[in-house]
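> Before anything else, here's the structure in question.
Number of protein chains: 2
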Amino acid sequence: MHHYSRDNMAELLRAHDINPTHQRIEIAYALFSRQEHLSADQVMTIVNDRHAETSKATVYNTLKLFLEKGLIREVIVDPSKVFYDPNTGPHHHLYEVDTGRLTDIMADDVRIEGLPELPKGMETVGIDLIVRVKRTAQ
Amino acid sequence: MHHYSRDNMAELLRAHDINPTHQRIEIAYALFSRQEHLSADQVMTIVNDRHAETSKATVYNTLKLFLEKGLIREVIVDPSKVFYDPNTGPHHHLYEVDTGRLTDIMADDVRIEGLPELPKGMETVGIDLIVRVKRTAQ
DNA sequence: TCCGAAAATTAGACAGAGTCCAAGTCCTAG
DNA sequence: CTAGGACTTGGACTCTGTCTAATTTTCGGA
Numbered sequence: 001m002h003h004y005s006r007d008n009m010a011e012l013l014r015a016h017d018i019n020p021t022h023q024r025i026e027i028a029y030a031l032f033s034r035q036e037h038l039s040a041d042q043v044m045t046i047v048n049d050r051h052a053e054t055s056k057a058t059v060y061n062t063l064k065l066f067l068e069k070g071l072i073r074e075v076i077v078d079p080s081k082v083f084y085d086p087n088t089g090p091h092h093h094l095y096e097v098d099t100g101r102l103t104d105i106m107a108d109d110v111r112i113e114g115l116p117e118l119p120k121g122m123e124t125v126g127i128d129l130i131v132r133v134k135r136t137a138q
Numbered sequence: 001m002h003h004y005s006r007d008n009m010a011e012l013l014r015a016h017d018i019n020p021t022h023q024r025i026e027i028a029y030a031l032f033s034r035q036e037h038l039s040a041d042q043v044m045t046i047v048n049d050r051h052a053e054t055s056k057a058t059v060y061n062t063l064k065l066f067l068e069k070g071l072i073r074e075v076i077v078d079p080s081k082v083f084y085d086p087n088t089g090p091h092h093h094l095y096e097v098d099t100g101r102l103t104d105i106m107a108d109d110v111r112i113e114g115l116p117e118l119p120k121g122m123e124t125v126g127i128d129l130i131v132r133v134k135r136t137a138q
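Chains L and X, in that order, give the protein sequences. Mapped onto my numbering, the consecutive letters of the first sequence carry residue numbers 1 to 138. Mapped onto my numbering, the consecutive letters of the second sequence carry residue numbers 1 to 138.
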């Protein structure tokens, strides 16, 4: 899928068992049309760019709902805020510590080997690999 | 080194070019004697267990200082707070999402291969590998 | 020992992310 | 058209972490 419309979003939401409301469609559209990592605050700004229409509470509720329904993923790299990632496929992250920029690393060629057995009664929820980089000192 | 005393701590701090004050020794002792991952808040509680003696500002200042001097490491796994890790050797983390418990995975046998080249002018600050687990549903 | 400067610590005000709640609005089935 | 559930809202609130101006501690030199 290469082009995202608000209609697409309604379908996508239904496919994930989410009742598509105006606000939910706008929030999904903000995330998927940009294919970027956004914080709740950024989503808020984008969605309310023209006319204020979506409250803070709804943005947080909706992002949490999307997360539960597996529509988006949470990325925890910055101690001060969470990023949300519309790409739920297996991939990793590159984080520029000085600028805060966060980009994807495709998982295709990355292999992680030698992880120990999990303790009994535990199952893996996810594996996050974060490469922290900075601009080289001159 | 197997036994940590407050005297050890003073030496450790000096070795890292940190002026050992009462508060700094107590904070280092809290982290190293337990060999656990503690949040700033937990450090605060431990250090002030008997008599209140160290302020919030000092706890935060000191943890930041230790971090800069490479005495401890920051672990970002919980969206709501940062953990500090007295183990600065190469290793990874196992995070139990339902309990918040954070444990080490020794890096000895773990291999990460196939990471793409970094963009020019960038250097790696660190690689964080976090395995998120939860208790298996019954 | 005493002094002054620099370093460290402090209380408390502040900032920003995220949560909570009670009230109000919007569907939608009947 | 209506009733009820689902959804949204503003605003108060909590919590982690930062900042600042004032005080205390440390420490080298006289």
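From the three backbone atoms N, C-alpha and C, an ideal C-beta is built for every residue, glycine too.
Starting from the N-terminal side, write out each stretch of the beta strand (DSSP E) that is 3 residues or longer and does not extend beyond the region 24 to 112 of chain X.
Those beta strand (DSSP E) runs which fall completely within the region 24 to 112 of chain X and span 3+ residues are 73 to 78, 81 to 85, 91 to 96 and 102 to 106.
> Would you mind reading off the limits of the beta strand (DSSP E) that contains D128 (chain X)?
Its beta strand (DSSP E) spans residues M122 to R135.
> Assuming contact is defined by CB atoms lying nearer than 8 Å, are L38 (chain L) and V77 (chain L) in contact in what I supplied?
No, the pair does not count as a contact, with Cβ atoms beyond the cut-off.
> For Y4 (chain X) and L94 (chain L), what's the separation of their Cα atoms in angstroms?
Taking the straight line joining both Cα atoms gives about 37 Å.
> Keeping to the same chain, check which residues put their C-beta closer than 8 Å to that of V82 (chain X); ignore five residues upstream and five downstream.
If we look at V82 (chain X) and ignore the five residues flanking it on each side, its Cβ neighbours are S39, A40, E74, V75 and I76.
> Who are the neighbours of V82 (chain L) on chain X, taking C-beta pairs under 8 Å?
Under the 8 Å cutoff, chain X gives P79.
> Which residues in the same chain have their Cβ closer than 8 Å to the Cβ of Q35 (chain X), if we skip the five residues on either side of it in sequence?
The residues are P86 and N87.
> Quick one: Cα of H22 (chain X) to Cα of S80 (chain X), how far?
Between H22 (chain X) and S80 (chain X), the C-alpha separation is close to 29 Å.
> Helix or strand or just coil, what does DSSP make of N8 (chain X)?
Helix at N8 (chain X).
> Measuring CA to CA, which of L:V133, L:E68 and L:L12 is closest to Y84 (chain L)?
The option with the nearest alpha carbon to Y84 (chain L) is L:E68.
> State the DSSP-derived secondary structure class of H3 (chain X), mapped to helix, strand or coil.
Reduced to three states, the DSSP call for H3 (chain X) is coil.
> Does G89 (chain L) come within less than 8 Å of chain X when only Cβ atoms are used?
Closer than 8 Å: no.
> Assign T124 (chain X) to one of two classes, buried (16 or more other C-beta atoms within 10 Å of its C-beta) or exposed (fewer than that).
So T124 (chain X) counts as exposed.
> Please compile the residues from chain X whose C-beta is within a distance smaller than 9 Å of the C-beta of M139 (chain L).
Here chain L covers residues 1 to 138 and nothing more, so residue 139 (chain L) does not appear.
> Is there a Cβ of chain L sitting closer than 8 Å to that of G126 (chain X), yes or no?
Yes, G126 (chain X) lies at the interface with chain L (some Cβ there is under 8 Å from its Cβ).
> Between P13 (chain L) and the rest of its own chain, which residues show a CB-CB distance below 8 Å, the 5 nearest in sequence each way excluded?
The sequence as given places Leu at residue 13 (chain L); Pro does not occur at that position. Contacts found: N19, P20, R24, I25, A28 and L71.
> Got a sec: which bits of the region 98 to 118 of chain X sit with their beta carbon under 7 Å from any beta carbon on chain L, in order along the chain?
Under the 7 Å Cβ criterion, the region 98 to 118 of chain X contributes I105, D109, V110, R111, I112, E113, G114, L115, P116 and L118.
> Using 8 Å as the threshold, is the region 46 to 54 of chain X in touch with the region 102 to 114 of chain X, meaning 3 or more CB pairs across them?
No, the region 46 to 54 of chain X is not in contact with the region 102 to 114 of chain X.
> By Cβ distance below 7 Å, which residues in the same chain neighbour R135 (chain X) in space, the five residues on each side in sequence not counted?
Excluding sequence neighbours, R135 (chain X) sits near D98.
> Beta-carbon within less than 6 Å of I46 (chain L)'s beta-carbon, same chain only, minus the 5 sequence neighbours each way: which residues are those?
The answer, listed in chain order, is A30.
> 8 Å is my cut-off, CB to CB: does I25 (chain X) come that close to chain L?
No, I25 (chain X) lies away from the interface with chain L (no Cβ there is under 8 Å from its Cβ).
> What did DSSP end up calling L13 (chain X) once you bin it into helix, strand or coil?
Looking at L13 (chain X) - three-state DSSP - the assignment turns out to be helix.
> How many whole angstroms separate the CB atoms of L115 (chain L) and V131 (chain X), which I take to be in contact at a CB cut-off of 8 Å?
That belief holds up - the Cβ atoms of L115 (chain L) and V131 (chain X) are roughly 7 Å apart, short of 8 Å.
> Rounding to the nearest angstrom, what Cα-Cα distance links E96 (chain X) and R6 (chain X) in this structure?
Distance between the alpha carbons of E96 (chain X) and R6 (chain X) is about 32 Å.
> Buried or exposed: L129 (chain X), going by 16 or more other Cβ atoms within 10 Å of its Cβ?
L129 (chain X) should be labelled buried.
> Ordered along the chain, which non-local residues of its own chain (more than five positions away) have a Cβ less than 6 Å from that of F66 (chain X)?
Here the set comprises I72.
> Let me make sure I understand the geometry here. Which of X:G121, X:H92 and X:N61 has the alpha-carbon closest to that of I112 (chain L)?
When only C-alpha atoms are compared, the closest one is X:H92.
> Answer with yes or no whether the minimum CB distance from L31 (chain X) to chain L is below 8 Å.
False, the Cβ-Cβ gap to chain L never drops below 8 Å.
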